[in-house]
Every structure is written in C-alpha cells, then in structure tokens.
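Notes to accompany the following structure.
Residue numbers (full-length UniProt numbering): 1 to 378.
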C-alpha cells in the first residue's frame, strides 16, 4: 500500500512516517518481565541487547567500546577517528569540550576546530593498537570505515583481527560510480573476499536496502543518522522519516529471505533514536537492532564528557552536523543501558525499558515483538 500525495501538477511525493508518529498497541496478553529476552545474534556473535554503538568519537573510545560490550551490546570504534590519528587524544578532546562549552549559536568556531583536528592523517599502526585494546578487553571487536576509504584502510583493520567490519556513510549504495578514473568500490566483490561479517549502511529505502543485502552483508544500517545535531536537511535537503524507512527495509529483508531461500540479513535502525520509547518503536517497525550515539554521551565513560558530534560534523568541505555542548553524566554506561533509572525521561535504563515494553505487550523475544500492532497518531 502506497500513500502518495500530489504536491503539484504531475508531481507526487510519498507520505512517510517518523518514529514519533507511530505508537505501540498492547495486546490482550501480558508477560512476566523476567520471561522476556532482548538477546540478538548477528552471524556467530550473540549480544544481550540489540545495540550497535555509533562510531562517533564523542562516545566511543577503546575503553567505552569495551564498556558497551560488557553491558551486552556491540561497541564500534571509528577507524578514521581521533583514536587512530593521535597517540593520545586526551588534549584533543579537551580542546573540543572547551570550545563547545564556550561557543554559541551555530558552533562555527567548534566546527572549524574539528576540521583542523581531523586533518591529522590516520595511522595504520594505531588502528592495529586500538583493535588490540578491544581484544584484550575480551569483547566482540568492530571497527567502522567510510565507503570512500574502505579500500585504503580495510587491510589495516582486517589485519588487526576485527570480528565485525562496519562500512558506513551517510548514504551508501551497492556500487559507487565515479568518472575520476579511480577504482570504484563494488561492495559485493569486496565482501565476497572477506572472512568476517560486514555491516553496511546507511540505506534510505526498500530498493537500496535490497541492493545492499544482495552484496552479502550480514547487516544493513537503515537511516542517515539524523539526530538532533544533524544538519543534513538544511545542507542537502535530505530527511528520512525513520519508521517508514525501517518498515521498507524489513520488507526488503523478507523478500531477500524468499529470494535466497533462507538468508537473513539484519536491519539496524539509525536516526533520531534518543529514548527508550524510540528504541521500542524502531524495533516494532521491524528493526533487529538500533544504532545509538547521542544517548550514550550521558554515560560517565563517554570520552567527549557529554559533548556530542557525529563524524560528518568534521567533514573538510561540507560539514553536516553541529557540536552539541556538554551535558552532565547520568551514570555509568551500564546504568544508561541497563538501569536502574533515576528519572522518568526515557534516557537511562534504555534496554530495561525495552524489556518492560515487550512484557507489557506480551512478547517473549525481539522477533516476536516485530509483530506488535502499531497505530499512527496520538
């Protein structure tokens, strides 16, 4: 069923829905919360909670990624971030935090500072060292590289022994086309040569999600990561209502499952998911897991000390995000993810709240919960 509206003579636009426009409807059955499982497994890796941490330097250091892993999620380190550009980025973080606290308005000075700091080249030996830090912590290791730098940086990341590789940009296609004479990245050919599972994204619609699934990816990130600090709408005119995007990707997952005779590709929602209620709605729309960034800045372990910026905020020619000033910590990473919560705003005990939502609607696990009834409106 397609809901299109005519926006002018002969020009139509599809009506789409964001997460805050849909609500979960409890069923006739409820369930004891202790009988509910939020476990999630992708490839051979099993997690207690359906969380893929955003590879933003504001929230992910080797230690923080390990803390996410210890809490039951998947921490993802940015292989193009501060930790692979500087031997000790402590002073770099200090500069960003102080600039964000002193800046105002559009954060122009802080954005310029980010561009200068990220101009430092990535050092392959640091990539290996950071992945080793994660291995030593005893958690599943994952690192993110951008599509445009995949062929350059993937060897260092893979040789370091990551368990999962994340290839993530704002919008990713199965094949990048260029007229500049460079070798284009063909994801299907690239993934076929790897021994580790790959998560790719972001996908914006059914067709893109289906094409990315056909590359052999184990998971597809849906959404462009447009949180409250994103300026993708203002800069590029791109805005993605996430509820519809997730549902479309879930339909692509189902069709691909039929097409391949049983190969299941996980859908990972990434966007303005800032509360436990938004997490529950994203999973109810069909996501297998969520990617969280900004909510994790409230953890005491976050290296940005409550300051938030996404990787696109430091783009050298076209930044598409601002820096959000420091917010006070609300507790440890474990408390933010698993509770207990001390406030009723849905920003702590994120996955404890998800478990309770599943219990209130009568579902035992995440796959069952994807069948919960939804309504549009308030």
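Glycine included, each C-beta is placed from N, C-alpha and C at the ideal position.
Less than 8 angstroms between the CB atoms is what I'm expecting for residue i and residue j, so what's the real figure, rounded?
i	j	result
residue 321	residue 230	5 angstroms
residue 222	residue 268	7 angstroms
residue 148	residue 202	With 8 angstroms as the limit, residue 148 and residue 202 do not qualify as a contact, their Cβ atoms being about 14 angstroms apart.
residue 314	residue 115	6 angstroms
residue 307	residue 100	5 angstroms
residue 196	residue 165	5 angstroms
residue 51	residue 290	6 angstroms
Using DSSP with H/G/I as helix, E/B as strand and the rest coil, what is residue i?
i	result
residue 120	coil
residue 324	strand
residue 24	strand
residue 12	strand
residue 6	strand
residue 167	strand
residue 83	helix
residue 380	Any property of residue 380 remains undetermined from this structure, which presents the chain solely from 1 to 378.
residue 372	coil
residue 290	strand
residue 277	helix
residue 267	strand
residue 42	strand
residue 157	helix
residue 74	strand
residue 192	helix
residue 137	helix
residue 59	coil
Distance, Cα to Cα, residue i vs residue j?
i	j	result
residue 303	residue 264	35 angstroms
residue 142	residue 8	46 angstroms
residue 94	residue 129	22 angstroms
residue 252	residue 239	20 angstroms
residue 150	residue 273	27 angstroms
residue 359	residue 10	47 angstroms
residue 327	residue 127	29 angstroms
residue 73	residue 299	14 angstroms
residue 286	residue 103	39 angstroms
residue 233	residue 144	24 angstroms
residue 3	residue 12	10 angstroms
residue 216	residue 124	26 angstroms
residue 316	residue 119	8 angstroms
residue 350	residue 337	5 angstroms
residue 172	residue 324	26 angstroms
residue 132	residue 154	16 angstroms
residue 112	residue 235	16 angstroms
residue 98	residue 33	43 angstroms
residue 206	residue 5	19 angstroms
residue 1	residue 356	The predicted model places residue 1 with a pLDDT of 44, which falls under 50 and marks its position as unreliable; any figure quoted below should be read in that light. About 32 angstroms.
residue 88	residue 282	37 angstroms
residue 352	residue 366	13 angstroms
Task: Sufficient close CB pairs (3 or more, under 8 angstroms) joining the region 64-71 to the region 126-146 - done: yes
TODO: Only counting runs of 3 or more residues, tell me where the beta strand (DSSP E) segments fall wholly within the region 194-236, in order along the chain.
DONE: 198-203 and 219-222
TODO: Report yes or no: do three or more beta-carbon pairs, one from the region 254-261 and one from the region 340-351, lie closer than 8 angstroms?
DONE: no
TODO: Taking 8 angstroms as the threshold, find out whether the region 52-61 comes into contact with the region 288-301 through three or more Cβ pairs.
DONE: yes
Open item on the list: Count Cβ pairs between the region 41-51 and the region 9-21 that sit closer than 8 angstroms; are there 3 or more?
Closed with: no
Open item on the list: Give the list of continuous beta strand (DSSP E) stretches no shorter than 3 residues that lie fully inside the region 345-369.
Closed with: none
Open item on the list: For the structure I just gave you, are there three or more beta carbon pairs, one from the region 76-84 and one from the region 329-344, closer than 8 angstroms?
Closed with: no
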